[in-house]
Amino acid sequence: MIELQAPDELLRSLVLILDLSGTFAFALSGGMAGVRRRLDIFGVLVLAFAASTFGGITRDLLIGAVPPAALKDWRYLGVSVAAGLICFFWSALIEKLRNPVRMLDAMGLALFAVAGTEKALAFGLSPLMAALLGMLTGIGGGVARDVLLAEVPAVLRADLYAVAALAGAAIVAGGHILHLPIIVTACGGGFVCFGLRMMAIRCGWRLPVAGARGAPASPVDGDDTR
Amino acid sequence: MIELQAPDELLRSLVLILDLSGTFAFALSGGMAGVRRRLDIFGVLVLAFAASTFGGITRDLLIGAVPPAALKDWRYLGVSVAAGLICFFWSALIEKLRNPVRMLDAMGLALFAVAGTEKALAFGLSPLMAALLGMLTGIGGGVARDVLLAEVPAVLRADLYAVAALAGAAIVAGGHILHLPIIVTACGGGFVCFGLRMMAIRCGWRLPVAGARGAPASPVDGDDTR
Amino acid sequence: MIELQAPDELLRSLVLILDLSGTFAFALSGGMAGVRRRLDIFGVLVLAFAASTFGGITRDLLIGAVPPAALKDWRYLGVSVAAGLICFFWSALIEKLRNPVRMLDAMGLALFAVAGTEKALAFGLSPLMAALLGMLTGIGGGVARDVLLAEVPAVLRADLYAVAALAGAAIVAGGHILHLPIIVTACGGGFVCFGLRMMAIRCGWRLPVAGARGAPASPVDGDDTR
Chain A
1 MIELQAPDEL LRSLVLILDL SGTFAFALSG GMAGVRRRLD IFGVLVLAFA ASTFGGITRD
61 LLIGAVPPAA LKDWRYLGVS VAAGLICFFW SALIEKLRNP VRMLDAMGLA LFAVAGTEKA
121 LAFGLSPLMA ALLGMLTGIG GGVARDVLLA EVPAVLRADL YAVAALAGAA IVAGGHILHL
181 PIIVTACGGG FVCFGLRMMA IRCGWRLPVA GARGAPASPV DGDDTR
Chain B
1 MIELQAPDEL LRSLVLILDL SGTFAFALSG GMAGVRRRLD IFGVLVLAFA ASTFGGITRD
61 LLIGAVPPAA LKDWRYLGVS VAAGLICFFW SALIEKLRNP VRMLDAMGLA LFAVAGTEKA
121 LAFGLSPLMA ALLGMLTGIG GGVARDVLLA EVPAVLRADL YAVAALAGAA IVAGGHILHL
181 PIIVTACGGG FVCFGLRMMA IRCGWRLPVA GARGAPASPV DGDDTR
Chain C
1 MIELQAPDEL LRSLVLILDL SGTFAFALSG GMAGVRRRLD IFGVLVLAFA ASTFGGITRD
61 LLIGAVPPAA LKDWRYLGVS VAAGLICFFW SALIEKLRNP VRMLDAMGLA LFAVAGTEKA
121 LAFGLSPLMA ALLGMLTGIG GGVARDVLLA EVPAVLRADL YAVAALAGAA IVAGGHILHL
181 PIIVTACGGG FVCFGLRMMA IRCGWRLPVA GARGAPASPV DGDDTR
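Protein chains in written order, with the UniProt record's numbering: chain A, 1 to 226; chain B, 1 to 226; chain C, 1 to 226.
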């Protein structure tokens, strides 16, 4: 088992809390997507587990932390199963929220973008690559959830998705270069990422869209309506 | 190359036999799915190879066994190519079986769930995590086959799919804790997993389905009709 | 970090040039696919990055080269971002080419099939397995691009796709066995792979298609029309 190169108890605890919180949020988003598709209880649990652990497992494979934390530490499984059961039995409560799947996805995106960047920095990757890995960690869960449901992933359909994850990750990496306190950069990165996504969901913020006159087009529905 | 922590010749041979048998079964299921889609001969072979090795390769990556067995040992490639050619040239014979794709998928699921759990236990993982990895190994092949055909994977559409894989894996892991003979637990786990899937396919056994009144719904076709 | 077992400067430079060129070509194909789907600028960049690095990252994970080159070396990110920006701002120019996405995909396929095989040989894999990994490296980018757009991957829809990649990889592996000069085998393998794909795209070359009378069929559209 590879030890973190920065045996900082604060950092280790921070990454764990962020990781488990992001796991819970993405598991809820995956579970709710499963409930809306009328899956059976195990289908909901599988989707919750896949959505919540895919990003972290991919990150751990890419930085060489094998076996991945989500498979080594029973709490990840426990958290995702708990979230899946909550979705299955109490989905009516969750549906009372506005845009539950997208809001939970935005929370998971922010938490994992920050956790992934922190963990990559702790493993000795350069700030540029750590930010990239943080973005990939954040994006991964939504990709798994959407691909398993045979849909174009939110990272391509939704507005300000990848850039929100990258902004959060970049703030953490930048704060690392400037030696800012970890708590400050983690909170800053998380809030910026979550904020950008909520601005896109609630207020319609968006980036320029590709379009060449005369080119063949088959647009993806970018209404971000879930 | 990481050595199995339990250099038990019986265990090593058992895992190899189960792995190759599961490879053959999943390769047939992938090849038949390719034949039904009228793919060319290499498309059928690629689908057979992907369906039969994806679960095992993922498992080996997650436990740190690199390069994965399916790429290091030529027999995996040989078995999947043979199965693909059988599907391409003699599909009419296989179509005479009832539900050939699903039955072959159920056989692969059972074999890989057991083999994956045994291998994870041999690499020193806890019984809980070994059972989880066994379930993931079993599910993986069907996920690869279905995602490559742009379909929602069987693990989410079909009844008693993930729970069947988990039941088989749990029996192997439980038997390990109780120090039961490996052959007994392997056969028990395999038959329980295969049996649960056949009960779902032939007799319509199913689990409760998610459904919250008033919630937006877009059900996945769960008829398990292939 | 694992060192290449053949510290041959020529080989190392060759693999890097092929890898970066293949990255650029696949990034253009992914970016153009994103432009046609009217994605926003970050969606185009994400698709360009995924299409161009997925094959190489998968290859590096499978041979144990962790972290993968595409995440360790900033030039891969730089090349894919550059290609994505070119697609976003100058797509009209690229659309003037006949079949831009497929031709760029064919270039990426050839470059990565050769680079993947060379790298696997350098890491000590057998020629058979190196050829297989080279084929998987070549195929991987197109699979990522198409799965993210919820489409059946080109490797299953298009004609002479997997066999072209395998032919190129096999020439490199065969040349290694016969101790032919690396430059010769790399060029030979690359041109054969690219040539086979262009023959399929321009002249309609194809392999036999699966078809059993009376069997249920749901063909994939194999017109290779992009």
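Glycine is no exception: its CB is placed at the ideal position from the N, C-alpha and C atoms.
Can you pull the DSSP bridge partners for residue i?
i: V143(B); result: None; V143(B) has no bridge partner.
i: D40(A); result: V209(B)
DSSP three-state call for residue i: helix, strand or coil?
i: F123(A); result: coil
i: A65(C); result: coil
i: D8(C); result: coil
i: G204(B); result: coil
i: M1(A); result: Only weak support is given to the placement of M1(A): the predicted model assigns it a pLDDT of 39, under 50, and the value that follows is read from those uncertain coordinates. DSSP places M1(A) in coil when its eight states are reduced to three.
i: G214(A); result: Here the model assigns G214(A) a pLDDT of 43, short of 50, so the residue's position is not dependable, and the following value carries that caveat. Note: G214(A) maps to coil in three-state DSSP.
i: A33(C); result: helix
i: D221(C); result: With a pLDDT of 49 at D221(C), under the threshold of 50, the predicted position of this residue should be treated as unreliable, though the coordinate-derived value follows. Coil.
On the DSSP letters alone, give me the boundaries of the alpha helix (DSSP H) that residue i sits inside.
i: R98(B); result: Where R98(B) is concerned, there is no enclosing alpha helix (DSSP H), given that its DSSP letter is neither H nor E.
i: A70(A); result: A69 to K72
_As an exercise, report each continuous alpha helix (DSSP H) stretch of at least 4 residues that is fully enclosed by the segment 131 to 191 of chain A, in chain order._
Qualifying alpha helix (DSSP H) stretches, in chain order: 154 to 157 and 162 to 177.
*Contact set between the segment 187 to 216 of chain C and chain A, restricted to residues whose Cβ is under 7 angstroms from the partner*: Within the segment 187 to 216 of chain C, no residue qualifies.
*Listed in chain order, which residues of the segment 151 to 175 of chain B have Cβ atoms closer than 7 angstroms to some Cβ of chain A?*
Cβ contacts with chain A: E151, V152, P153, V155, L156, D159, A162 and V163.
*Give, in chain order, every residue of the segment 33 to 54 of chain A whose Cβ lies closer than 8 angstroms to some Cβ of chain B.*
Close to chain B, meaning a Cβ-Cβ distance shorter than 8 angstroms, are the following residues of the segment 33 to 54 of chain A: G34, V35, R36, R37, R38, L39, D40, I41, F42, G43, V44, L45, V46 and L47.
*Mind checking the segment 5 to 21 of chain C against chain B and listing, in chain order, the residues whose C-beta falls within less than 9 angstroms of any C-beta there?*
With the criterion set as a beta carbon lying under 9 angstroms from some beta carbon of chain B, the segment 5 to 21 of chain C has no members that meet it.
*Residues from the segment 107 to 123 of chain C in contact with chain A, defined by Cβ distance under 7 angstroms*: Of all residues in the segment 107 to 123 of chain C, none has a Cβ within less than 7 angstroms of some Cβ in chain A.
_What are the residues in the segment 64 to 94 of chain B lying within 7 angstroms of chain A by C-beta distance?_
Correct list: G64.
*Anything in the segment 128 to 153 of chain C with a Cβ closer than 8 angstroms to a Cβ of chain A? List those residues in chain order, please.*
For the segment 128 to 153 of chain C, which is checked against every Cβ of chain A, the residues closer than 8 angstroms are V147, L148, L149 and A150.
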